[in-house]
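Residue numbers (our numbering): 7 to 411. No residue lacks a Cβ here, since even glycine has one placed at the ideal position from N, Cα and C.
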Ligand SMILES: [Zn+2]
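Structure (structure tokens):
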């Protein structure tokens with residue numbers, strides 16, 4: 007099956023007819039359809055198919071028990087109303103690269119793996135990269151058991167409903183020990199390649215990033231009869247805090263976003279009793295990120311106090327800076343060097359990836375494919391067809407250089 011054929015099969019799965027975006031959340035029906043597609047692609051190519059204890063899917067050419075395996079892949083789940091490329095481009099390109107290598111008559115000297123990591127986006131349970139975190143031991147079983155979605159369904163319940171055994175989850179060091187190199191291809195989530203005029207880039211580092219929950223608690227009351235002076239309206243300090251986050255991010259050269267909010271009682275004619283907002287912030291270095299978050303918290307406390315509102319801030323997740331393996335990156339740069347002046351550019355990124363989680367345990371690299379608008383986590387996310395084809399060729403070259411004679 008060609009790249010186009012695979013792409014066309016995946017395209018309708020989990021797509022909202024209203025928004026045109028994807029809703030492929032972990033352990034839902036759409037996610038299950040994506041998983042069934044992966045298994046079918048694996049078996050159709052005569053690969054050995056397995057799911058690991060954390061529900062990640064693997065397809066093997068050669069026996070991974072031999073060790074020093076070369077693995078590529080990404081994820082198939084999405085953010086709410088996400089685009090078609092974030093995740094699936096890496097998985098489809100992995101199968102397409104294998105097909106290309108077989109077409110070239112490549113002789114594999116190392117086992118080759120293709121992986122679909124589960125629950126990368128964290129759209130349902132609020133924590134990103136759950137599949138790879140569990141496998142790498144970066145998320146404990148106890149922490150995973152406490153993850154709950156908006157309907158109150160826990161991660162174990164959701165896994166069980168999807169036909170997986172939640173009692174099996176946990177760190178899988180033996181599996182990671184067998185991997186000599188992991189390469190994730192991903193659509194770029196920014197415009198660096200578009201601006202430099204390159205189709206393909208290599209990842210340098212992933213910025214440190216985290217999520218913080220801000221609970222502003224005031225007093226619910228009638229929107230028509232309560233004098234302004236008598237209100238304890240948590241929406242006001244929340245709104246000021248959103249502006250403060252923008253200001254502090256600009257000052258630090260970082261990014262900070264309140265993109266999710268919950269309001270109680272959420273009535274159009276009621277002053278809210280609670281405004282809960284989630285801050286996502288990322289910066290090129292730890293120090294800048296610490297400054298941004300500290301300043302936003304300080305501002306939020308002051309605004310809350312001004313309005314007689316209580317504030318609680320809790321850090322829900324945090325991922326330190328990830329420097330990808332320099333030796334592997336240099337090797338890929340050599341492999342992808344076309345002999346012209348054009349070297350493959352090395353980019354930093356503010357987006358988290360399974361590759362970042364694995365990089366603590368396995369030599370890891372990432373290839374980025376140009377995104378002409380830089381838009382991601384939106385139905386407008388895109389990549390040109392010939393850039394995707396260039397991505398498949400680059401990935402095939404990389405895998406050939408790493409896993410073949
Ligand atoms: Zn992704």
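May I ask you to report which of helix, strand or coil DSSP gives residue 277? strand
Let's test the definition: count the other Cβ atoms within 10 Å of the Cβ of residue 222 and tell me whether it reaches 16, buried, or not, exposed. buried
With burial defined as no fewer than 16 other Cβ atoms inside 10 Å of the residue's Cβ, what is the status of residue 376: buried or exposed? buried
Identify which residue in 257, 340, 356 has its Cα closest to the Cα of residue 349. 340
Inter-residue spacing [alpha-carbon to alpha-carbon] between residue 158 and residue 199: 41 Å
Own chain, CB closer than 7 Å to residue 181, minus 5 neighbours either side, in chain order: 58, 141
Three-state secondary structure (DSSP) at residue 33? coil
Among 358, 123, 119, 365, the one whose alpha carbon lies nearest that of residue 71: 119
Should residue 274 be labelled buried (16 or more other beta-carbon atoms within 10 Å of its own) or exposed? exposed
From residue 395 to residue 197, what does the alpha carbon distance come to, in whole angstroms? 19 Å
Every unbroken alpha helix (DSSP H) within the segment 281-320, with a cutoff of 4 residues, ordered by chain: 292-312
My guess is that residue 330 and residue 372 are in contact by the Cβ rule of under 8 Å, so how many angstroms apart are they, rounded? 7 Å
Can you tell me whether residue 180 sits near ligand 1, meaning its C-beta is under 7 Å from at least one heavy atom of the ligand? no
Can you give the Cα-Cα distance for residue 164 and residue 212, rounded to whole angstroms? 30 Å
For residue 52, does the count of other Cβ atoms within 10 angstroms reach 16, so buried, or fall short, so exposed? exposed
Using three-state DSSP, classify residue 195 as helix, strand or coil. coil
Where residue 410 sits in the DSSP three-state scheme: strand
In whole angstroms, give me the CA-to-CA distance for residue 410 and residue 364. 23 Å
Could you check what DSSP says for residue 38 in three-state terms: helix, strand or coil? helix
Is any non-hydrogen atom of ligand 1 found closer than 7 Å to the C-beta of residue 92, if you look at the structure I gave you? yes
Would you check if the segment 164-175 and the segment 31-51 touch, i.e. whether three or more CB-CB distances between them fall below 8 Å? yes
What residue ranges within the segment 48-79 form continuous beta strand (DSSP E) runs of no fewer than 3 residues, ordered along the chain? 54-57, 63-67
Between residue 23 and residue 87, how many whole angstroms is the CB-CB distance? I'm expecting something under 8 Å. With a Cβ gap of about 12 Å, residue 23 and residue 87 do not count as contacting.
Looking at residue 365 and ligand 1, is the gap between the Cβ and the nearest heavy atom below 7 Å? no
Pull up the CB-CB distance for residue 398 and residue 99, whole angstroms please, since I reckon it's below 8 Å. 5 Å
By the three-class DSSP mapping on this structure, what secondary structure does residue 374 have? strand
Considering Cα atoms alone, identify which of 383, 264, 94 is closest to residue 40. 94
What number of angstroms, rounded off, separates the C-alpha of residue 79 from the C-alpha of residue 146? 24 Å
Hey, would you say the C-beta of residue 215 is under 7 Å away from at least one heavy atom of ligand 1? no
Give the DSSP-derived three-state secondary structure of residue 359 in the structure shown. coil
If we call anything under 8 Å between Cβ atoms a contact, is residue 374 one with residue 206? yes
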